[in-house]
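J.: Numbering (this note's numbering), first residue to last: 13 to 482.
The structure is reproduced here in structure tokens:
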């Protein structure tokens, strides 16, 4: 844990008591703060009370004494409308921040100290979890004490300093960036930007601006690594390259770069500060299939280079990466049929990265749809032997699919059984049943992890390897 001492002997409000909220209470209390907390769920309030917080509805907090509101990133700050707790804080002229901001304020005072712990921050619409985990894996494999958290794994305030070899690797969503006005990473990574979370940022321009803000806050002696294969990110890179200041490095899996890091035919090259040098064949990284994972690997390589000079050690670590659950995860086989769990694909762009990898797909899609639906996937419909639609998006997706064979399965259980039956009866040499929903999960599941766990359990039932969904 990282105790938050900057609010010692002060009153602080914490609203939203999921894992990060409870970790925030522990850190604030350890640093000597008095904490007022509230959540709509009584079980969460009880857990916060056990951590030493005063459980009081935010409407009854002593706002005249509250020094800061630490807001859960899931609570609307601006759009579609500010939550009432946000309005209350603004009326009382109380600053509104998140747990990552608290984390940053605690670790930055030692910014110039010998042996201080650097911070690597990762954001982007897709790929940030895999990139974050891969960076942590590379650092750990090369002798560093990598502390990985944020939007993946542990809340940031549950991480800890482990001596002079500590490097923090933080995944940051756009919601978390919104609540981190002075957070200053040493290395910032932008994987890509595609339309997402427009309801929370008001417009695509607002969403892009939030992503750009994290890069702008990078330490002046740090580096910014930007995937330049989409128009939004390429424009941001151009701005950084022309501004000077912080070192900006482009990364591409679609083109050869005169300067930067790039992938051609699966080979990773480093052309930063030198003529292009072959780093590794990414085909050796068995748990990083597809061009989207090539981008993740290239970004991770670029991020760790300031700390690891041995290119062969980095390549070996990338090769040994075990992958992440719910991201192109091979969860079983039934005869010649493979089952792939890509539940993390919560938008069309993420699903496209899976669809392009397989020529004979039995595709399970649907859930709570995002803006634009699956219109952008039409060029990949030729990969789909049949689609099985679930959740509230079923009717919309059916209309978009048109003449592509599909059925409305309704539930994941029905979809898995139907897809497996059709794949087994097919003449395809290597059929794949792919869960890559292109949708949020909240209409039928707690989150994408729950959806993926249920899929994995259903596949286990089919293949005879019993496994319970949690």
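Quick reminder that beta carbons are idealized off the backbone N, C-alpha and C, glycines included. Keep in mind the model is a prediction, meaning the values are calculated, not measured.
1) Rounded to whole angstroms, what's the CA-CA distance from residue 262 to residue 117? Just pull it up for me.
2) Alpha carbon to alpha carbon, how far is residue 37 from residue 16? Give it in angstroms, no decimals.
3) Unbroken beta strand (DSSP E) runs of length 3 or more, entirely within the segment 394-476: which are they?
4) Just verifying my parser: in three-state terms, what is the DSSP assignment at residue 484?
5) State the Cα-Cα distance for the pair residue 131 and residue 84, rounded to the nearest angstrom.
6) Hey, out of 204, 321, 51, whose CA is closest to residue 305's CA?
7) Does the beta carbon of residue 239 come closer than 8 Å to any beta carbon on chain D?
8) Could you check whether residue 444 and residue 350 sit closer than 8 Å to each other, using their CB atoms as the reference points?
9) Under 6 Å Cβ to Cβ from residue 30, same chain only, skipping five residues before and after it: list those, please.
10) At a cut of 8 Å, does the segment 43-52 reach the segment 65-72 through at least three beta carbon pairs?
11) For residue 200 and residue 227, which I take to be in contact (beta-carbon distance under 8 Å), what is that distance rounded to the nearest angstrom?
12) State buried or exposed for residue 482, treating a residue as buried only when at least 16 other CB atoms are found within 10 Å of its CB.
13) Tell me, to the nearest whole angstrom, how far the beta carbon of residue 374 is from that of residue 431; I am working on the premise that it is less than 8 Å.
14) Is the segment 212-231 in contact with the segment 163-179, if contact means three or more CB pairs nearer than 8 Å?
15) Tell me whether residue 480 sits in a helix, a strand or coil according to DSSP, three-state version.
16) Using CA atoms only, rank isn't needed, just tell me which of 293, 180, 222 is closest to residue 152.
17) What three-state label does DSSP hand residue 194 in the structure shown?
18) Comparing alpha-carbon positions, which option in 110, 90, 119 lies nearest residue 24?
T.: To lay it out plainly:
1) 29 Å
2) 9 Å
3) 396-402, 418-422, 444-447
4) One cannot answer for residue 484 here, as it falls past the ends of the chain, which runs 13 to 482.
5) 22 Å
6) 204
7) Absent from the structure is chain D; it holds one protein chain and no more.
8) yes
9) none
10) yes
11) 5 Å
12) In this prediction, residue 482 scores a pLDDT of 43, lower than 50, which makes its location untrustworthy; the coordinate-derived value is nonetheless stated afterwards. Its Cβ having fewer than 16 others within 10 Å, residue 482 is exposed.
13) 4 Å
14) no
15) Below a pLDDT of 50, predicted positions are generally treated as unreliable, and residue 480, at 47, falls in that range; the measurement from the model is reported next regardless. Coil, per DSSP.
16) 180
17) coil
18) 110
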